[in-house]
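For reference, the structure discussed in these notes is given below.
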Amino acid sequence: MSWSRLSFEDLGIRILSSVVLAAIGLTSLWMGGLAFAGVLSVAAAVISWEIAAMHWPDSGRAYAFLAGAAAGAALFSLLVPGLLWIGTPFWVVAIAIVLTKPSPHAVAAALAVVVAGFLGLATIRSECGLMLASLVVMVVIATDTGGYMVGRLVGGPKFWPAISPNKTWSGVVGGWFLAVCVGMVYWMSGLTMISALVLAIFLSALSQIGDLAESAIKRRAGAKDGGRLIPGHGGLIDRFDGLVVACCFGWLMCSAGILTRFVAI
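Residue numbers (the working numbering): 24 to 288.
Written out as structure tokens, the structure is:
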């Protein structure tokens, strides 16, 4: 196959979209506080809306929007001290909508994971520090980028065609490789080599699990992409699926003190 036929037609707009997303996300991560809470809440609202809209493609569009907005507002109330009580009505609205529409259990579980993932990232940022929070984010970005580039260039056997028809073994390995490269950057920035390698590989694997899980959700809903919001990418969920899953487990590691222990290994 010639280089011109490697399906990189959307590469330019994909890179531009990635740069914009990364700039917004990493800047808010560095700032923390209300800025970070706001960005996470908006992202959670959009992703929740995309998930609901996939399962309610016809008359449920308006309800999907309301469910997404309620999920985002509820997350914001959890992230900002003193606003917890305000989130209760939004949780009630989101739960009521989800339970009265098709695929209630699938949508409810997916929305819960999304909210937990972003809440986990905020917890890692506040309790384990900016370096470890940025490590999680950068490893996920590297895994996605490496998987896309190597998978398109090399191709080869499919990883799990029944779930993700386009994912190849070469892409999986490419994602791991670039994630390890990111880990080495953090090793030079202060982490020990063992910590950087273990965290990079573990978080990269979680990111790929998240990508497979999102592919399974799309296939179950009969959708090709999670949405059309981001040019060259699809929906916001198509870019944040791996981050959400990685942050869920990172949150558990942070709360148990495991994540910070890696710094001293």
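Yeah, the Cβ is synthetic: ideal placement off N, Cα and C, and Gly gets one too.
Computed from a predicted structure; not experimentally measured.
DSSP has residue i in a bridge; who is on the other side?
| i | result |
| --- | --- |
| residue 191 | 181 |
Rounded to whole angstroms, what is the Cα-Cα separation between residue i and residue j?
| i | j | result |
| --- | --- | --- |
| residue 158 | residue 205 | 8 angstroms |
| residue 176 | residue 128 | 38 angstroms |
| residue 92 | residue 70 | 10 angstroms |
| residue 73 | residue 95 | 12 angstroms |
| residue 27 | residue 67 | Low confidence applies here, because residue 27 scores a pLDDT of 35, under 50, leaving its location unreliable; read the following figure in that light. Looking at the two C-alpha atoms, the distance is approximately 37 angstroms. |
| residue 272 | residue 123 | 30 angstroms |
| residue 284 | residue 112 | 38 angstroms |
| residue 168 | residue 207 | 17 angstroms |
| residue 209 | residue 220 | 10 angstroms |
| residue 37 | residue 263 | 15 angstroms |
| residue 142 | residue 274 | 8 angstroms |
| residue 81 | residue 218 | 48 angstroms |
| residue 183 | residue 191 | 8 angstroms |
| residue 117 | residue 243 | 22 angstroms |
| residue 246 | residue 85 | 18 angstroms |
| residue 152 | residue 278 | 12 angstroms |
| residue 109 | residue 178 | 49 angstroms |
| residue 51 | residue 45 | 10 angstroms |
| residue 104 | residue 181 | 46 angstroms |
| residue 216 | residue 119 | 48 angstroms |
| residue 144 | residue 64 | 12 angstroms |
| residue 41 | residue 125 | 33 angstroms |
| residue 186 | residue 261 | 15 angstroms |
| residue 87 | residue 133 | 13 angstroms |
| residue 280 | residue 195 | 29 angstroms |
Our contact map puts residue i next to residue j with C-beta atoms below 8 angstroms; I'd like the distance itself, whole angstroms only.
| i | j | result |
| --- | --- | --- |
| residue 102 | residue 138 | In fact, because the Cβ distance is near 10 angstroms, the residues do not count as touching under 8 angstroms. |
| residue 170 | residue 198 | 4 angstroms |
| residue 241 | residue 77 | 7 angstroms |
| residue 162 | residue 223 | 5 angstroms |
| residue 193 | residue 213 | Their Cβ separation, rounded to whole angstroms, is 32 angstroms, which puts residue 193 and residue 213 out of contact at 8 angstroms. |
| residue 90 | residue 121 | 6 angstroms |
| residue 202 | residue 165 | 5 angstroms |
| residue 259 | residue 155 | Between residue 155 and residue 259 the Cβ distance is about 24 angstroms, and since that is not below 8 angstroms, they are no contact. |
| residue 300 | residue 75 | Outside the modelled stretch of the chain, which goes from 24 to 288, sits residue 300, for which no answer is possible. |
Tell me the residue span of the alpha helix (DSSP H) that contains residue i.
| i | result |
| --- | --- |
| residue 81 | Here residue 81 belongs to no alpha helix (DSSP H), and DSSP marks it neither H nor E. |
| residue 241 | 216-244 |
| residue 265 | 260-278 |
| residue 114 | 110-122 |
| residue 136 | 127-146 |
Flag residue i as yes when its Cβ comes closer than 7 angstroms to any non-hydrogen atom of the ligand ADP, and as no otherwise.
| i | result |
| --- | --- |
| residue 116 | The ligand content of the structure shown is nil, which means the ligand ADP is not present either. |
Using 8 angstroms as the limit for Cβ to Cβ distance, is residue i near chain B?
| i | result |
| --- | --- |
| residue 273 | Included in the structure is just one protein chain, with no chain B present. |
Exercise for the section: Decide if the region 267-274 is in contact with the region 227-237; the criterion is three or more beta carbon pairs, one per stretch, under 8 angstroms apart. Expected result: With the cut-off at 8 angstroms, the region 267-274 and the region 227-237 touch.
Exercise for the section: Evaluate the contact criterion for the region 43-60 versus the region 141-150: three or more CB pairs, one atom per stretch, below 8 angstroms. Expected result: Verdict: yes, contact present.
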